[in-house]
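To convert, count from 1 in the sequence shown and add 1; that's the numbering used here.
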Amino acid sequence: LGTVHLEAGMNDDNDLQRYHQLKSLFKRLAYHCRTDGTSLKEAAIVLAGDFNMLRSNLMHQCLSEGRLYHPEQLNTKPPIETTRLQDAFQVGPQQAVQMTY
């Protein structure tokens, strides 16, 4: 269980700042998963808070697919594979939520 409040404005110009904060978050989560003997993709993780990005932002879509991309290297560098994040506001009460943000 964790909370997030990314320090970036909501427009796309702040994607680089969000990227570095999210990369740090996923490194910390991966460390704790290794300590617990599980993989990031298999861990039961709940993140709540303010990601300061619109659902129309490409980074939001990529996080929903389990990828984190560097906004300045989108076409030249492959994304970091993460666990799939799922927006709690887009999930009905009867569906399981793997990860909430």
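Note that CB positions come from ideal geometry on N, CA and C, so glycine has one too.
In its own chain, which residues sit with a C-beta less than 6 Å from the C-beta of residue i, not counting the 5 before and 5 after it?
{"i": "L2", "result": "V47"}
{"i": "F27", "result": "T83"}
{"i": "Q22", "result": "L7"}
{"i": "C63", "result": "Y70"}
Skipping 5 residues on each side, what residues in its chain have a beta carbon closer than 8 Å to that of residue i?
{"i": "D51", "result": "V5, H6 and L7"}
{"i": "D37", "result": "A44"}
Count the other C-beta atoms from every protein chain shown that fall within 10 angstroms of the C-beta of residue i, then say buried if there are 16 or more, exposed otherwise.
{"i": "L75", "result": "exposed"}
{"i": "Y102", "result": "With a pLDDT of only 45 at Y102, under 50, the local geometry of the prediction cannot be trusted, and the value read off the model is given with reservation. The residue in question, Y102, is buried, as its Cβ has 16 or more Cβ neighbours within 10 Å."}
List the endpoints of the continuous beta strand (DSSP E) containing residue i.
{"i": "D51", "result": "L48 to D51"}
{"i": "H6", "result": "G3 to H6"}
Which of helix, strand or coil does DSSP assign to residue i?
{"i": "H21", "result": "helix"}
{"i": "E43", "result": "coil"}
{"i": "T101", "result": "Reliability of the predicted coordinates at T101 is poor, the pLDDT of 46 falling under 50, and no value is obtained from them."}
{"i": "L69", "result": "strand"}
Using the C-alpha atoms, what's the distance from residue j back to residue i?
{"i": "D13", "j": "A31", "result": "26 Å"}
{"i": "S57", "j": "K42", "result": "24 Å"}
{"i": "L59", "j": "H71", "result": "11 Å"}
{"i": "H33", "j": "R19", "result": "21 Å"}
{"i": "R35", "j": "S25", "result": "15 Å"}
{"i": "A9", "j": "N15", "result": "6 Å"}
{"i": "M11", "j": "T39", "result": "33 Å"}
{"i": "E73", "j": "P80", "result": "11 Å"}
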